[in-house]
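Asker:
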Amino acid sequence: MDEIFGFLLDPANWEGARGIPARLVEHLFISGAGVLAATVIALPIGLYIGHTGRGANLAINLANIGRAVPSYAVLVMVLPVSLSLAPVLGYSPSLGLNFLPIFIAMTLLAIPPILVSAYAGLRSVDRDLIEAGRGMGLKESQILRSIELPIASSIVIGGFRTAILQVIATATIGAILSGGGLGRFIFDGLSQGQAGRASIYAGAILVTALAIGVDIVLAFVQRRLVPRGLRPEVAKARATTRLVDATAGAGETPTV
Amino acid sequence: MTGSASQGAVVQFDHVTKRYSTAAAKDGKGVPGAVNDLSLTVPAGKICILVGPSGCGKTTSLKMVNRLIEPTSGRITIDGVDIESRGLTDLRRSIGYVIQQVGLFPHQTIGENVATVPRLLGWPSARQRARSEELLALVGLDPAKYRDRYPAQLSGGERQRVGVARALAADPPIMLMDEPFGAVDPIVRDRLQNEFLRLQESIAKTILFVTHDIDEAIKMGDLVAVFQNGGILAQFGTPLDILAAPASDFVARFVGQDRGLKRLSLLRVSDAELRPPTTGRPGDSAAEARQRAAADKQHYLLLVDEGNRPVGWIAHDDIPAEGTLTVEMANPVSPQVNRRTTLKDALSMMLDADVQTGIVVDRTGAVQGLLTIEAVARKMRDGEHAAPFDVTAEPGADDHEAGGLQALATGA
Amino acid sequence: MLEGKPLIDFGWILDHLDDIAESILQHLQLTILPLVAGFFLSLILAIWAVRQPRVYGPITAVTGILYTIPSLAAFAILRPVLGTSLLTALIPLTTYTLLILVRNIVAGFQAVPADVLEAAEGMGYTRRERLLRVELPLAVPLILAGVRLASVTTIGLATVAAVLGNSFGGLGQLITEGLQTFFPTKYLLGAVLSVVLAFIADGLFVQLEKVITPWARAQAGAR
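One line per chain: the protein sequences are P, F and R, in this order.
My numbering numbers the first residue of the first sequence as 1 and each following residue consecutively.
My numbering numbers the first residue of the second sequence as 1001 and each following residue consecutively.
My numbering numbers the first residue of the third sequence as 2001 and each following residue consecutively.
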């Protein structure tokens, strides 16, 4: 126990490229990059198929695949791809081992929750409301913006929440490949045998703290962004029961 | 009255009260669902309707019979036996229970659903199956077609029938029905009601039936118990009593302004005063016919054929001074009714045809008399002043036995 | 990874079929044990939550927090305590199934229509009979959905178990060893096999659901 505190309080561990802040930044950077890329890809598609209702099959299949495929496997399967891309994209293979495969893997992992939640969230909006909007002369984009998104916001943000947690967890393991992220404390500690025990623990605690912290913040955001008239039992209750069948667990892809 | 005369059992409420402990109960205001000192007796083999506005305690009263709700005080007996003294599951398995949404088990076939209580009672499976098919046929569903289907595949009306079949499976002496026909559309509801009344003629069980619809109560009930808010029994009597002599303002209002008209649906043409028609046959002397028509109150002659069947009306002024009556002179306008037609239907037909008089015929089509709107209206008004408990009244040819039940109503 | 070498060495695969099979079996062990234990634990918790709705909130909150912990961290924390025994992997894996299963089992029970329950009670089912013959069968679709999700999740999480120590085995071990020795055949094989395993499990449960709930098919057909 004291060892862990010792580790965490040791100033040496707080500075430099291997210090806690640095690793934290690396971790957040790689996680954020993946989620951002996934958002750019997945959100428009998800909103489109959610609004129009077309491509429901895509959403359901993606949900199934996203839940079933182990993240570690994704991480690993991306390796050969990124390494072969190295000469094409013009960077050195050693660098390729660091950043690109993890980035691609993160993006791939984050796409299903974001897309499926966007779809499920929009689908949960009462069709009557949309019809009313059309009847009043709103354009499709206005309907999306002023009716569907506010009502669907809780579920859509839930998807982001899942994606981010997923990515943070995978980045921890990703440290085995790359040089960065909080996971490195765990792996470095492993290679040091008995002496590295504190490092392992510290790493585990730091990552857990990060995950729980982010989850709490996002939960707060999720609750606050929901329009007052819809908080939170009504929307969630109706949406979850109706969508449990089609996209069971859309909000609950595992954190690796 | 014991249950031996029919297949039903006598259900008696003896000062039954149900109180819910809320603040409202303390200051004596009506708590929804509460029941207040209810005493009534349902004779064996009769349909007793519990009717009233929402929250008046009718459903609560019903549910106390199979102990889904336990009374706060008082007791309920079935054939004299206190229901508290019987085992709970035993009691429930001996009472048929039908609710509005039916509650068919979605994961079982229709056949399995119907055989639920027999299965619980441990009947051999061959007997379960036979009984299941027998009952499906009884409620008008082809067993071969429906036995292996699932509830989700049936329409609302079909599901209700299965619900009734299921309640009858173990041949219970008592049935509790809570708005059983409420969830279907009016056309289906009407049919289900008629079929159920027909069914009851052969099974003669004691039925406690809850509804908020006074028309359904009048139609279905041998006895009607009107509840008002606070779980108080406002009136208990035959449908005719309730309509003719409402015991309070509440009952009068609940029954509706049109209770006179409603009463007409309980009366038949045979109950009204018929006028003998002035008739004539084709070939009769016109001059003599014209005289007779002049003597007629409405100055009309009814032309009939050899079988005394009506052909049409001839106005006095249209009868020539000489010659004979011919078919061409007659105007074939006027609805025909028979003695069993309800006065309400008869009135309806006459108003539709825009005539003052309807012709009453028998099974062969021969004229029995004339029914005027005025006679109907008189009958409607007369009933109003009739003594409510007329023990000498004969049980009519219709479904509601007015006579013997009156004594019971007074007694309770 | 050296250039010039082929990506997958099939010869190696054929030589090591035994080891690969053993890895798969170990992985199944790592999956099935937590699932079974997790299921029974969840069933108890769920029935409790349905009977006493007030405990549902706390149960969900606690399992939710546990679920948020990245699995590698969970394994790492337990390792010094429990060493490299199987328990170190099994405890977190079982815990992860709890959130999914409790939620789905409760949802399953809540999906039973109220009128069905009332009819059952009114007709004379005892409480136990009602649970076994009416509530459970009707809760099965959602429960199965939960087990399906939990199984594929556990297969995935089990791959991480081996990262910290090779005694757990499983396909994760293939992956980790492959990475450590820069041997693509090994790590790709491990990855692909874990994906295949997950899909097989998923497909199995989809079929199981079709078999166990014939009335759901009838329902779909009726609409």
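For glycine and all other residues, C-beta sits at the position ideal for the given N, C-alpha and C.
Any idea which residues DSSP pairs residue 1296 of chain F with across the strands?
Answerer: Its beta-bridge partners do not exist; DSSP assigns none.
Asker: If the cut is a Cβ gap below 7 Å, which residues of chain F does residue 2135 of chain R touch?
Answerer: Per Cβ cutoff of 7 Å: no residues; residue 2135 of chain R is ~10 Å from chain F at best.
Asker: Once the 5 residues before and after residue 2066 of chain R are set aside, which same chain residues still bring their CB inside 6 Å of it?
Answerer: Cβ within range, chain order: 2095.
Asker: Taking the alpha carbon of residue 1096 of chain F as the point to measure from, which residue in F:1072, F:1175, F:1245, F:1341 has its own alpha carbon closest?
Answerer: Checking every option, the nearest Cα to that of residue 1096 of chain F belongs to F:1175.
Asker: Hey, is residue 1209 of chain F's beta-carbon within less than 9 Å of any beta-carbon in chain R?
Answerer: For residue 1209 of chain F, the answer is no, since every Cβ of chain R falls outside 9 Å of its Cβ.
Asker: When burial is assigned at 16 or more other CB atoms within 10 Å of the CB, is residue 1334 of chain F buried or exposed?
Answerer: So residue 1334 of chain F ends up on the buried side.
Asker: Can you look up residue 949 of chain F in the DSSP assignment and give me helix, strand or coil?
Answerer: Absent from the structure is residue 949 of chain F, since the part of chain F shown begins at 1001 and ends at 1412.
Asker: Residues in the region 2146 to 2178 of chain R with C-beta within 9 Å of chain F's C-beta atoms, listed in sequence order?
Answerer: Within the region 2146 to 2178 of chain R, no residue qualifies.
Asker: In the DSSP assignment, find the unbroken alpha helix (DSSP H) run with residue 14 of chain P in it and report its ends.
Answerer: Taken as a continuous stretch (DSSP letters only), residue 14 of chain P belongs to no alpha helix (DSSP H), as it is neither H nor E.
Asker: Cα separation between residue 1280 of chain F and residue 1267 of chain F?
Answerer: Cα to Cα, the separation comes out at about 31 Å.
Asker: Just to make sure I have the definition right: I need the residues of chain P whose C-beta is within less than 9 Å of the C-beta of residue 2077 of chain R. Which are they?
Answerer: Here the neighbours are 200, 201, 204, 205, 208.
Asker: Establish whether the CB of residue 1105 of chain F and some CB of chain R are separated by less than 9 Å.
Answerer: By this cut-off, residue 1105 of chain F is an interface position.
Asker: Would you please verify whether the beta carbon of residue 1116 of chain F is less than 9 Å from any beta carbon of chain R?
Answerer: Yes, because at least one Cβ of chain R sits closer than 9 Å to the Cβ of residue 1116 of chain F.
Asker: Just the Cα atoms here: how many angstroms apart are residue 1051 of chain F and residue 1115 of chain F?
Answerer: So the alpha carbons of these two residues sit roughly 30 Å apart.
Asker: Smallest Cα separation from residue 77 of chain P: which of P:46, P:53, P:54, P:109?
Answerer: Among P:46, P:53, P:54, P:109, the Cα nearest to that of residue 77 of chain P is on P:109.
Asker: For residue 1389 of chain F and residue 1263 of chain F, what's the separation of their Cα atoms in angstroms?
Answerer: Low local confidence applies: a pLDDT of 40 at residue 1389 of chain F is under 50, so the model's placement there is unreliable, with the coordinate-based value given in what follows. The alpha-carbon atoms of residue 1389 of chain F and residue 1263 of chain F are separated by roughly 16 Å.
Asker: In terms of residues, what are the limits of the alpha helix (DSSP H) holding residue 1262 of chain F?
Answerer: It spans 1259 to 1264 - the alpha helix (DSSP H) in which residue 1262 of chain F sits, taken as one unbroken run.
Asker: Using the three-state DSSP reduction, which class does residue 1128 of chain F fall into: helix, strand or coil?
Answerer: Residue 1128 of chain F: helix per DSSP, three-state reduction.
Asker: Are the region 1011 to 1021 of chain F and the region 1058 to 1076 of chain F touching by the rule of at least three beta carbon pairs closer than 8 Å?
Answerer: Contact between the region 1011 to 1021 of chain F and the region 1058 to 1076 of chain F is present, because at least three Cβ pairs lie under 8 Å.
Asker: Does the region 44 to 57 of chain P touch the region 2140 to 2160 of chain R, meaning 3 or more C-beta pairs lie closer than 8 Å?
Answerer: Touching, no.
Asker: Listing by chain order, which chain R residues have their CB less than 9 Å from the CB of residue 1341 of chain F?
Answerer: Going along chain R, no residue has its Cβ under 9 Å from residue 1341 of chain F, so there is no contact; the nearest lies around 39 Å.
Asker: If you drop the 5 nearest sequence neighbours on each side, which residues of the same chain put their C-beta closer than 8 Å to that of residue 1274 of chain F?
Answerer: Closer than 8 Å at Cβ, skipping near neighbours: 1360, 1368, 1369, 1370, 1371, 1375.
Asker: With a threshold of 8 Å, are at least 3 pairs of Cβ atoms found where one atom belongs to the region 1220 to 1233 of chain F and the other to the region 1047 to 1065 of chain F?
Answerer: They touch, by the three-pair rule.
Asker: For residue 2092 of chain R, which residues of its own chain have a beta-carbon under 7 Å away from its beta-carbon, when the five flanking residues on both sides are left out?
Answerer: The residues are 2071, 2074, 2075, 2078.
Asker: I'd like the list of long-range same chain contacts for residue 43 of chain P, defined as Cβ closer than 8 Å, with 5 residues on each side in sequence excluded.
Answerer: 114, 115, 118, listed in sequence order.
Asker: If the cut is a Cβ gap below 9 Å, which residues of chain R does residue 215 of chain P touch?
Answerer: Neighbours of residue 215 of chain P on chain R, chain order: 2064, 2065, 2068.
Asker: Using a Cβ cut-off of 9 Å (strictly closer), state whether residue 113 of chain P contacts chain R.
Answerer: No, its Cβ sits nowhere closer than 9 Å to a Cβ of chain R.
Asker: What do you get for residue 201 of chain P, buried or exposed, if any count of 16 or more other CB atoms within 10 angstroms of its CB means buried?
Answerer: With 16 or more other Cβ atoms within 10 Å, it is buried.
Asker: Just checking: is the beta-carbon of residue 119 of chain P within a distance shorter than 9 Å of some beta-carbon in chain R?
Answerer: Cβ-Cβ to chain R under 9 Å: no for residue 119 of chain P.
Asker: Which same chain residues end up closer than 6 Å to residue 1073 of chain F when comparing Cβ atoms and leaving out the 5 residues on each side of it in sequence?
Answerer: Correct list, in chain order: 1017.
Asker: Would residue 121 of chain P pass as a contact of residue 146 of chain P if the rule is Cβ separation under 9 Å?
Answerer: No.
Asker: Do residue 1313 of chain F and residue 1330 of chain F count as a contact pair if the criterion is CB distance below 9 Å?
Answerer: Yes, they are a contact pair.
Asker: Would residue 2039 of chain R pass as an interface residue toward chain P - the criterion being a Cβ-Cβ separation below 9 Å?
Answerer: Output row for residue 2039 of chain R: interface = no.
Asker: In this structure, how does DSSP classify residue 125 of chain P when only helix, strand and coil are distinguished?
Answerer: Residue state, collapsed to three classes: coil.
Asker: Where in the region 2119 to 2157 of chain R do unbroken runs of the beta strand (DSSP E), each at least 3 residues long, occur, reported from the N-terminal end onward?
Answerer: Whole beta strand (DSSP E) segments, 3+ residues: zero.
Asker: Helix, strand or coil, according to DSSP, for residue 110 of chain P in the structure here?
Answerer: If DSSP states are grouped into helix, strand and coil, residue 110 of chain P belongs with the helices.
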